[in-house]
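Remarks on the structure that follows.
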Amino acid sequence: MSDYAVVNPATGETVKEYPTITDSGLDAAIAAADGAFRDWSQNSALAERAAIMKRVGELHVERREELADIIIREMGKPREQALGEIDFCGDIYGFYAENAEKLLADEPIELLAGDGDAVVRKSAMGPLIGIMPWNFPYYQVA
Numbered sequence: 584m585s586d587y588a589v590v591n592p593a594t595g596e597t598v599k600e601y602p603t604i605t606d607s608g609l610d611a612a613i614a615a616a617d618g619a620f621r622d623w624s625q626n627s628a629l630a631e632r633a634a635i636m637k638r639v640g641e642l643h644v645e646r647r648e649e650l651a652d653i654i655i656r657e658m659g660k661p662r663e664q665a666l667g668e669i670d671f672c673g674d675i676y677g678f679y680a681e682n683a684e685k686l687l688a689d690e691p692i693e694l695l696a697g698d699g700d701a702v703v704r705k706s707a708m709g710p711l712i713g714i715m716p717w718n719f720p721y722y723q724v725a
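Take a look at the structure:
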């Protein structure tokens, strides 16, 4: 099985190599992610999750130079663009942390007929995989 290599596009230097995951390794990773999601979603309060989201945004600000250096080295992204992406992501995390309660609140909806109440409730779905271009690595996660 071959390795995947991160290559600095400016120098051609191999930054790091990663082995290809096996089918059983992939199954184990998915099971671990699903288990963590189920535990976390049932045993953490919205305020706790929002506080963590806020801290992630703060870490983007605190470590912006270090984070920029990573995507400059791994993708050849210009420094100004790298810093802009990181700052933008910090703002995204901050926005969702600050507005989590409002954004996740139940939304009453009007019934078309009959008596009763109905709401739209947002809830997490669990782990997902996204296969996409990697031009904005921090933004894709945010």
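Residues in the sequence shown are numbered consecutively from 584, following the numbering used here. For each residue, glycine too, the CB sits at the ideal point set by N, CA and C.
E693, enclosing alpha helix (DSSP H) - first and last residue: Premise fails: E693 is in no alpha helix (DSSP H) and is neither H nor E.
Local conformation of K660 per DSSP, three classes: Coil.
Assumed close pair A701, I692 - CB separation to whole angstroms, cut-off 8 Å: Contact annotation, A701 with I692: C-beta distance approximately 5 Å; criterion of less than 8 Å satisfied.
DSSP beta-bridge partners of V590: Per DSSP, T597.
Simplified DSSP state of A688, which is helix, strand or coil: A688: coil per DSSP, three-state reduction.
DSSP state of A707 mapped onto helix, strand, coil: In the structure shown, A707 sits in coil (DSSP, three-state: anything other than H, G, I, E or B).
Distance between G697 and A651 (C-alpha atoms, nearest Å): One alpha carbon belongs to A651, the other to G697, and they sit about 57 Å apart.
Nonlocal neighbours in the same chain, by C-beta distance under 8 Å from A683, ignoring five residues either side: Residues L629, R632, A633 and M636 of the same chain have their beta carbon placed closer than 8 Å to that of A683, with the five preceding and five following residues left out of the count.
Helix, strand or coil at P602 [DSSP, three-state]: In the three-state reduction of the DSSP assignment, P602 falls in the strand class.
Residue range of the alpha helix (DSSP H) that includes P720: First-last of the alpha helix (DSSP H) with P720: P720 to V724.
Beta bridge counterpart(s) of A701 as assigned by DSSP: According to DSSP, A701 bridges with I692.
Cβ-Cβ distance between K705 and L694 below 7 Å: No, the Cβ-Cβ distance between K705 and L694 is not below 7 Å.
Local Cβ density within 10 Å of A725, reported as buried at 16 or more and exposed below that: A725 sits buried, since 16 or more C-beta atoms from the chains shown fall within 10 Å of its C-beta.
Reduced DSSP category for S624 - H, G, I as helix; E, B as strand; rest coil: Reduced to three states, the DSSP call for S624 is helix.
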